[in-house]
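Below: the structure, in structure tokens.
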Amino acid sequence: MARSSPGRLLVCATPIGNLGDVTLRVLDALRFADVTLAEDTRVTARLFARYGIETPLERFDEVTAAAKTPRVLERIASGETVALVSDAGTPGISDPGHRLIAACLDAGIEVEVLPGPSAVVTALVASGLPTRSFFFGGFLPRKAGERERLLASVADLDATLVFFESPKRVARTLRAIADVLPGRQGAVARELTKVHAEVLRGSVEDLARQLSDREVKGEVVVLVGPPEQRAAAVDDDELARDVETLVRGGVTRSEAVREVARTRGVPRSRVYAAAHADRRTQRGDGS
Ligand code: SAM
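Residue numbers (the working numbering): 4 to 290.
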């Protein structure tokens, strides 16, 4: 990577568990930087040891971020290249990185983001819940009243909801979700990409029950599927049109029905009935 002047901030995504999940470009940037700012230098030191990186590490976390930011801006302005990492995943997503990024942009400093893992997208995809639209709520409020208000405020969103949660609070959070958003499908993604990775799936009531008598350990993401009644908002003509488009593209009719049911979030039987009725109308018969 060529050195450029003045300096810049390189925002580097790092693994969320498996140290193999790091891009070549991030490794290059971490080697090239004058300094790497890390939430917990001991965590990042393990990544550095694995890849033989010797760039100096400095602590930059929730406690130290505000005090250290002016000095970091000065260093970058004087031509240094500063890499920013968090303990896991993409800096700026529910960690102190976003404030430094905003401060650099305010100061006219170049910020380059080197993409890579994030627990948000990994958990969303692993959950099997609809991905066409999602709402990421960060960490849910700890106070019961605030948590319930937040959940109620997103109840009507036609989107999968994604929240970070502490393992200690996950059972309580699922009970709150079951109260405010009853009957939803959900998932709890734990220790993703690590040896003990698991994804529990089921109704939110079921998940709350499963977790009530179990000690949950490790890092956790809680997901809640979109409200089912939204399915009624898709009209049957649209479903039939979707099926026909796929069939014309070479997909078998039963595969098309399955795919439309999955992407539209409606029962397969309804898509089948809509597509069947549409064909009967086109044929003009009563069969
Ligand atoms: N910036 C990070 C990212 O992009 O993934 C997230 C930082 S946030 C402070 C840490 C939270 O991410 C954890 O409390 C947990 O909810 C989630 N998390 C991180 N690693 C995870 C993993 N391997 N499995 C499940 N959740 C994880």
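Note that the Cβ used here is the ideal one computed from N, Cα and C, for glycine as well.
{"query": "Which stretch, first to last residue, makes up the beta strand (DSSP E) that contains Ala86?", "result": "Thr84 to Leu87"}
{"query": "Say whether the stretch 100 to 119 touches the stretch 65 to 75, bearing in mind that this needs 3 or more beta-carbon pairs closer than 8 Å, one atom from each stretch.", "result": "yes"}
{"query": "Among the candidates Ser215, His101, Ala41 and Phe138, whose CA atom is the shortest distance from the CA of Asp90?", "result": "Ala41"}
{"query": "DSSP three-state call for Ser206: helix, strand or coil?", "result": "strand"}
{"query": "Glu77 to Gly92, Cα distance in whole Å?", "result": "26 Å"}
{"query": "Write down the C-beta distance between Glu194 and Glu222 rounded to the nearest angstrom, noting that I regard them as a contact closer than 8 Å.", "result": "6 Å"}
{"query": "So is the beta-carbon of Val223 under 8 Å away from any non-hydrogen atom of the ligand SAM?", "result": "yes"}
{"query": "Distance check for Ala243 and Ser290, CA to CA, integer angstroms please.", "result": "Low local confidence applies: a pLDDT of 48 at Ser290 is under 50, so the model's placement there is unreliable, with the coordinate-based value given in what follows. Their Cα atoms are separated by approximately 17 Å."}
{"query": "Measuring from the CB of Phe63, is there a heavy atom of the ligand SAM at a distance below 8 Å?", "result": "no"}
{"query": "Just to confirm, is the Cβ distance from Arg145 to Ala174 under 9 Å?", "result": "no"}
{"query": "If we require 3 or more residues per run, which beta strand (DSSP E) segments fall completely within the stretch 107 to 175?", "result": "113 to 117, 137 to 142 and 163 to 168"}
{"query": "Does the distance between the C-beta of Glu168 and the nearest non-hydrogen atom of the ligand SAM fall short of 8 Å?", "result": "yes"}
{"query": "Should Lys197 be listed as close to the ligand SAM, given that the test is whether its C-beta is under 8 Å from any heavy atom?", "result": "yes"}
{"query": "Hey, Gln188 and Gly140: beta-carbon distance below 9 Å or not?", "result": "no"}
{"query": "Using DSSP bridges, identify the partner residues of Gly253.", "result": "Note: Gly253 sits in no beta bridge, so no partner."}
{"query": "Would you say Arg102 touches the ligand SAM, meaning its beta carbon is less than 8 Å from a heavy atom?", "result": "no"}
{"query": "Taking 8 Å as the limit between beta carbons, can you name the residues of its chain near Arg256, skipping five residues before and five after?", "result": "Val246, Val250 and Ala278"}
{"query": "I'd like to confirm the pairing. Which residues does DSSP put opposite Glu42 in its beta bridges?", "result": "In the DSSP output, where bridge partners are listed per residue, Glu42 has none listed."}
{"query": "My output table needs one value for Arg193: the three-state DSSP class, helix, strand or coil.", "result": "strand"}
{"query": "Measuring straight from C-alpha to C-alpha, what distance separates Leu210 and Thr47?", "result": "33 Å"}
{"query": "Which value, in whole angstroms, describes the spacing of the CA atoms of Arg6 and Ala80?", "result": "Because Arg6 sits at a pLDDT of 47, beneath the cut-off of 50, its placement in the model cannot be relied upon, and the point is left open."}
{"query": "Classify Thr266 as helix, strand or coil using the three-state DSSP reduction.", "result": "helix"}
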